[in-house]
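See below for the structure under consideration.
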Amino acid sequence: MVAEDNIHHSYDSTEGEFTVKATNLVKRFGDVIAVNNLTFNVRKGEIFGLLGPNGAGKTTTVKMILGLLEPDEGEIRVFDLHPEKDEIEVKKRVGYVSEEPLIYRSMTARQLFNFVASLRNLEPEEFNQKLQSLLESFEALPYYDKIIATLSRGNKQKMQVIASLLHEPDLLIMDEPLTGLDAKSAKVLKEILEMHKEKGGSVILSTHILEIAEELCDRIAIIDHGKLVALGTIEELSHLANKVGADLEDIFLKLINQDESVDIIVDKLRKSLKNGKNNKK
Amino acid sequence: MEKTTRNRGIGVASLISLYKLSKRVYHESILHSQLESSGSNIAKLLERIGRNPKIISSQPKIMKFLSSFYILFLTIIPVRSITVVNFIISSNKPSHTQIPQQWITLVGSMMSSAFLLLEPFILIIFSIMMTWGLFSPEIYAWPQTLPLRKKDVEKLSLLTFIRGINIQLLFMILVFPLGIAIGILIDFSLYSPIMAFLLILTALIISIVSAFFNLGVVVFISKKMYILMDEKEDNSGKSSIIKTTISLLYLIFSMTLMYIIQISIEKIPDYFTTVLLSNEQSLLVNNILSFIPFPFSGGYLITILITNHSLYFSPITVIGSITGLIVFAILTYFLIKHSVSTLLNTPKIKSDSMKEKRNKKEIIVQLQTTSPLKAFIRRDLTIISRDMQLIMVFVMPIVIPIFAVITDIEDNVLLNEVGLTGAFLSVLFYIALTTYMIITGVTNIESGGETITSSIPIRTRDQVKSKIPYFFTSIVLAFLIWHLFFINDEFFSKMIVFGLVYLPVIPLAGIGGLFFKILMFGKLRYKYVVEEIKTEHRFIKHISSFLFVLLSLLLFVGLSFLGYGALGIGEIVYLTLLIVVFNHMFPK
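If you read the protein sequences in the order shown, they are chains F and S. Take the first sequence: its position 198, counted from the start at 1, is 198 in the UniProt record's numbering, and no numbers get skipped. Take the second sequence: its position 347, counted from the start at 1, is 347 in the UniProt record's numbering, and no numbers get skipped.
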């Protein structure tokens, strides 16, 4: 449990051009407060990390940004639009990769992309080349005519990623996008995210894999129990955690007050493993 | 390595510990097949499993219970076999021998044989959908990572299959002797203790052999079914058609058989008095049939013992039934040997070898776009054609009212106008039920692709429009087909006129039900969505949506009492309301 006084200061600001503005977001599911008074902004041309342990409220936040969930309190603006009221306009400019690839299992990848292109009103002449290139980059071309149900977790993820990139969105919302991807495809996706940023696009990257956040994100919001614990660049976060020069893992554990409990667990584990070895002898 | 595992007691796992382990493998296979067959419901299934993991095992438990219950229900046959045969013998006085002795033997044997024949069918109906998945080598991937010997993994596949039908096997072994025992108790004065013991022992032997035979049959059919259904890698239309046809045939076969079982149990006593063959002809038939190992030899042997010397049996019939039973046991032995070998080999089969054989075709990436409405319709049709549960949703509306009317005809409830009105109301109930099945089926398609649809600029209006045509398909057809059963009825002309005027109500109520369900489950702050978002009080919402459909249908029945004109006006008003509601809920 994170105590109220454990919330750290953040380095967020209201300056610059924003893609997403979230103010005092609250989302409850029955008695559970999934997101608690969350405020952050995502700038244009940045990769913004949403970091937190499992169940921290990252996916709920992402769904509110997409207009899939209504916040109980607070406000969200995406491209200065209301994601629920102006859903169509927002979604035209957003690409989304969910944590669990729930894509139509009975369709082939070809049918899926035709469906997506039809609903996004994409001109085939314009996007054929792009689709071909994405499929080749992710080595997904051999699976183009396969039924999605038959694909591995990684290949399903590739199809989901390609579907989110096809229409060249301004904002990419990626919830654990590297799950299941092989090293080569993960590298390709990281490069795509960097290129997207260079072109002025924004990325919201929700993850609990700290190395990925450290490698890719310009700024990171750390969420725990639905609350914003800290926000800033790695350097800023290290200052907040009083761990200058430490890696993100240490900073993260310190900020969510888990550093000591991890030490205790490791200590216990070491002792029990040592005992086990002695007993065997 | 061997020594280490032996010390830990895992390497040389006893059959009992392997059987315990098979529970995990069995659950894995159930989950595998549930995910495979869930089609568009996968999101809901995963959500439900997340909330309550026990649902993985609840489906096979229900199927086990149902098949065991049906097998137990079949006990009626041997019980009636004894009581009816004894009754006919005792009432068939030599002075007026209306019923030839050989005819009694023939029908009595047929009854017992029918029991033995129906058992494997019941096993197939209720178990095959749970057992064919056990031939997937994928489910043995995990046990192969455990410190188990290859031989143990092979045994595990056999034990997992047996676990899949364990309760049914037990019932199959016990039910026949139990039925005979009950029959003996009813007519206990006719049997000496030795005779009763002999009769029960014979029934037990026959049922043990039959149970193993049935096990072999289920293994054989499950394997064939797996080969046919596992062609999932193949995306050809042919593959989809084969799978769909198999599943439809399975459904029709199951329903027809259940109907036959029900009818045959009710009608069995009538066959004794309906004499079709003379004594000589019956004798010849008995002599021939008694040699046929399955299902007749066992049936004849038990009938010979039931009659307890009260009837004349030709020695050929006696020899035939004993020889046939021995042949049946030998055949069963070979069948089981083959089945065991098939099951032991399951973990060895590599499905990848099939994939490698396929020719690599050049893949041309070419997007083909269309209007959103057409895209939704195409997507739905693609998903429906490959999703067995959804196909069933569209087939059931036709099947259920037909079975309802056949049952009504059998029960002679349709002789007058009151009976017809009752039948009409019952068919309306079925129509409401199947309409609601279609509503949930077509709306569930949306949640199956949540990731895709949640980020696409979709207009709910297009989504809803794409669902409307389904309410003009099988339910409307089912309603019309139902009328055709009364073509020879004196009330037919009245019925068909009323039916045609009432016909538009069926799709209208369906569309109304669709809107109502969306209202219940998909009302967001600024719009309505087809997906079930507001899932609290789910059960009550489903019940009220179903009742909405049913009450809509009944409302028009009420209106029809005011005349066809009132019914027609009611339909126009309802349609106008639907258009208004549609434009309000799903604006352009």
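Yeah, the Cβ is synthetic: ideal placement off N, Cα and C, and Gly gets one too. The structure presented is a predicted model; accordingly, all values stated were derived computationally and were not measured.
Close-in-space but distant-in-sequence residues of the same chain around residue i (CB under 6 Å, 5 per side omitted)
i: Ile167 of chain S; result: Lys64 and Ser68
i: His96 of chain S; result: Any reading at His96 of chain S is ruled out, since the residue's pLDDT is 48, under 50, leaving its predicted position unreliable.
i: Ser109 of chain S; result: Gly299, Tyr300 and Thr303
Residue i versus residue j: straight-line alpha-carbon distance, rounded
i: Val340 of chain S; j: Leu18 of chain S; result: 16 Å
i: Thr460 of chain S; j: Ile445 of chain S; result: 14 Å
i: Ile103 of chain F; j: Ile148 of chain F; result: 8 Å
i: Leu189 of chain F; j: Ile391 of chain S; result: 38 Å
i: Lys92 of chain F; j: Glu70 of chain F; result: 19 Å
i: Gly565 of chain S; j: Met159 of chain F; result: 56 Å
i: Ile206 of chain S; j: Ser57 of chain S; result: 32 Å
i: Val464 of chain S; j: Val530 of chain S; result: 7 Å
i: Leu66 of chain S; j: Ala221 of chain F; result: 54 Å
i: Thr332 of chain S; j: Ile487 of chain S; result: 49 Å
i: Lys271 of chain F; j: Leu228 of chain F; result: 35 Å
i: Met195 of chain S; j: Leu72 of chain S; result: 24 Å
i: Leu577 of chain S; j: Thr60 of chain F; result: 37 Å
i: Arg28 of chain F; j: Gly57 of chain F; result: 11 Å
i: Val580 of chain S; j: Leu253 of chain F; result: 56 Å
i: Ala181 of chain S; j: Ser189 of chain S; result: 13 Å
i: Phe213 of chain S; j: Ile363 of chain S; result: 48 Å
i: Glu490 of chain S; j: Gly499 of chain S; result: 15 Å
i: Leu420 of chain S; j: Leu562 of chain S; result: 19 Å
i: Ile398 of chain S; j: Ile33 of chain F; result: 48 Å
For residue i, the three-state DSSP class (helix, strand or coil)
i: Ser202 of chain F; result: strand
i: Gly563 of chain S; result: coil
i: Asn308 of chain S; result: coil
i: Lys355 of chain S; result: Interpretation of Lys355 of chain S is limited by its pLDDT of 49, a score under 50 that renders its predicted location unreliable; the figure taken from the coordinates is listed afterwards. Correct three-state label for Lys355 of chain S: helix.
i: Thr382 of chain S; result: helix
i: Asn128 of chain F; result: helix
i: Asp80 of chain F; result: coil
i: Asp175 of chain F; result: strand
i: Thr535 of chain S; result: coil
i: Leu257 of chain S; result: helix
i: Gly49 of chain F; result: strand
i: Ile147 of chain F; result: strand
i: Gly57 of chain F; result: coil
i: Asn86 of chain S; result: helix
i: Asn24 of chain F; result: strand
i: Tyr333 of chain S; result: helix
i: Arg43 of chain F; result: strand
i: Ile572 of chain S; result: helix
i: Tyr226 of chain S; result: helix
i: Thr369 of chain S; result: coil
i: Gly67 of chain F; result: coil
Cβ shell of residue i (< 7 Å), same chain only, five flanking positions each side left out
i: Leu165 of chain F; result: Gly95, Leu134 and Ile192
i: Ile47 of chain F; result: Leu193, Lys197, Val203, Leu205, Leu216, Cys217 and Asp218
i: Ile533 of chain S; result: Phe521, Gly522 and Leu524
Chain-ordered neighbours of residue i on chain S, where CB pairs are closer than 7 Å
i: Pro177 of chain F; result: Simply none; closest approach about 12 Å.
i: residue 310 of chain F; result: Residue coverage of chain F in this structure runs from 1 to 281, which leaves residue 310 of chain F outside it and unanswerable.
i: Leu181 of chain F; result: Under the 7 Å cutoff, chain S gives no residues; its nearest Cβ is about 15 Å from Leu181 of chain F.
i: Leu51 of chain F; result: Residues of chain S passing the Cβ test: none, with the nearest at roughly 22 Å.
Neighbour list for residue i in chain F, Cβ cutoff strictly below 7 Å
i: Val365 of chain S; result: Asn128, Leu131, Gln132, Leu135 and Tyr144
i: Ala375 of chain S; result: Phe115, Ser118 and Leu119
i: Thr382 of chain S; result: Ser106, Met107 and Gln111
Close beta carbons around residue i, own chain, < 8 Å, minus the five adjacent residues each side
i: Gly154 of chain F; result: Gly180, Leu181, Asp182 and Ser185
i: Thr233 of chain F; result: Tyr11, Asp218, Arg219 and Ile220
Partners in chain F for residue i, counting only beta-carbon separations shorter than 8 Å
i: Thr440 of chain S; result: Going along chain F, no residue has its Cβ under 8 Å from Thr440 of chain S, so there is no contact; the nearest lies around 17 Å.
i: Leu524 of chain S; result: Glu70 and Glu84
i: Arg379 of chain S; result: Tyr104, Met107, Gln111 and Phe115
Neighbour list for residue i in chain S, Cβ cutoff strictly below 9 Å
i: Leu122 of chain F; result: Leu367 and Thr369
i: Leu141 of chain F; result: Ile363 and Val365
Chain-ordered neighbours of residue i on chain F, where CB pairs are closer than 9 Å
i: Ile458 of chain S; result: Glu87, Ile88, Lys91 and Leu119
i: Pro372 of chain S; result: Ser118, Leu119 and Asn121
i: residue 589 of chain S; result: No answer is possible for residue 589 of chain S: the residues shown for chain S start at 1 and end at 588.
Closer than 8 Å to chain A by CB, residue i
i: Ser112 of chain S; result: In the displayed structure, chain A is absent; the protein chains listed are F and S.
beta-carbon residue i near the ligand COA non-hydrogen atom, thresh 7 Å
i: Leu503 of chain S; result: Within the structure as shown, the ligand COA is missing, as the structure has no ligands at all.
Quick check on the DSSP output: what are the complete alpha helix (DSSP H) runs of length 4 or more inside the region 182-249 of chain F, in order along the chain?
183-198, 210-216 and 234-240
Any chance you could list the beta strand (DSSP E) runs of at least 3 consecutive residues sitting entirely within the region 86-116 of chain F, in chain order?
94-97
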